[in-house]
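Asks: Before I ask anything, here is the structure I am working with.
Numbering (this note's numbering), first residue to last: -8 to 161.
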């Protein structure tokens, strides 16, 4: 089907979108946040359609899509990396942690939000979605050893955040 889509078959491409959309949106939601995942996924599929002929059949079509989505996320992040955005993110975390009368609710989404984007991506791909280290490294365009180090650091950091939350008085 991916070969037919690469040749310009819109029906085959539509089937590929249906097959991979949910998993791609989940990945992008975890990496970029739920507010941006739909737009990024839509842009990803648009680029995939425009570049359909560039898919050469090496590796999985899903990995090719995830690589496009990851690049789009990085490009967006670079364009919008400003002090205002950093302050807004810090204020949002501080507001959630300072609710009077009870401890803040820390869930996996909050833990992921506190990791670096590449750590989030590695953790979501390898542990959340079950991609192999090799597949995740290809998607994120990292060397295998680098990806493994980042994934291990992400697990360590996530575990530390969860343990710190568990020790907070309730």
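Where is the CB? At the ideal position from N, CA and C, for every residue including glycine. A quick note: this is a predicted structure, and the numbers were derived from the prediction, not measured.
(1) Count the other CB atoms within 10 Å of the CB of residue 28; is the residue buried (16 or more) or exposed (fewer)?
(2) Using 8 Å as the Cβ pair cut-off and three pairs as the minimum, do the stretch 136 to 147 and the stretch 52 to 70 touch?
(3) Could you give the residue range of the alpha helix (DSSP H) that holds residue 23?
(4) If you check the beta carbons only, do residue 106 and residue 124 fall under 9 Å apart?
(5) Would you say the stretch -5 to 5 touches the stretch 18 to 35, given that touching needs at least three Cβ pairs under 8 Å?
(6) Using only CA atoms, which one of 63, 150 and 50 lies nearest to residue 122?
(7) For residue 169 and residue 34, what's the separation of their Cα atoms in angstroms?
(8) Looking only at C-alpha atoms, which of 64, 148, 129 and 130 sits nearest to residue 25?
(9) Residues in the same chain with beta-carbon distance under 6 Å from residue 128, minus the five sequence neighbours each way, listed in chain order, please.
(10) In whole angstroms, what separates the C-alpha of residue 130 from that of residue -1?
(11) From this set, 101, 98, 108 and 145, which residue's C-alpha is nearest residue 118's C-alpha?
(12) In angstroms with no decimal places, state the Cα-to-Cα distance between residue 58 and residue 1.
(13) Identify which residue in 32, 41 and 23 has its Cα closest to the Cα of residue -4.
(14) Can you give me the C-alpha to C-alpha distance between residue 111 and residue 36, rounded to a whole angstrom?
Replies: If we stick to the structure as given:
(1) In the chain shown, the residue the question calls residue 28 occupies position 37. Buried, because 16 or more other Cβ atoms sit within 10 Å of the Cβ of residue 28.
(2) Contact between the stretch 136 to 147 and the stretch 52 to 70 is absent, because fewer than three Cβ pairs lie under 8 Å.
(3) Your numbering for residue 23 matches position 32 in the chain shown. Element bounds for residue 23: 1 to 23.
(4) In the chain shown, residue 106 corresponds to position 115, counting from 1. In the chain shown, residue 124 corresponds to position 133, counting from 1. Against a cut-off of 9 Å, the Cβ pair of residue 124 and residue 106 comes out as no contact.
(5) Touching, no.
(6) The residue you call residue 122 lines up with position 131 of the chain shown. If we check each option's Cα against that of residue 122, 50 comes out closest.
(7) The first residue shown for the chain is -8 and the last is 161, placing residue 169 beyond what the model contains.
(8) In the chain shown, the residue the question calls residue 25 occupies position 34. In terms of CA proximity to residue 25, 64 leads the group 64, 148, 129 and 130.
(9) Numbered from 1 along the chain shown, position 137 holds the residue referred to as residue 128. Apart from the 5 residues on each side of it in sequence, residue 128 sits with its Cβ closer than 6 Å to the Cβ of 135 and 138 in its chain, given in chain order.
(10) Against the chain shown, residue 130 aligns to sequence position 139. Against the chain shown, residue -1 aligns to sequence position 8. Straight through space, the alpha carbons of residue -1 and residue 130 are spaced by roughly 23 Å.
(11) The residue labelled residue 118 in the question sits at position 127 within the chain shown. For residue 118, the closest alpha carbon among the candidates 101, 98, 108 and 145 is that of 145.
(12) As a position in the chain shown, residue 58 is number 67, starting the count at 1. As a position in the chain shown, residue 1 is number 10, starting the count at 1. Residue 58 and residue 1: Cα-Cα distance of roughly 21 Å.
(13) Here residue -4 is taken as the residue at index 5 of the chain shown, counted from 1. The shortest C-alpha separation from residue -4 is found at 41.
(14) Position 120 of the chain shown, counted from the first residue, corresponds to residue 111. Position 45 of the chain shown, counted from the first residue, corresponds to residue 36. Taking C-alpha positions only, residue 111 is separated from residue 36 by approximately 22 Å.
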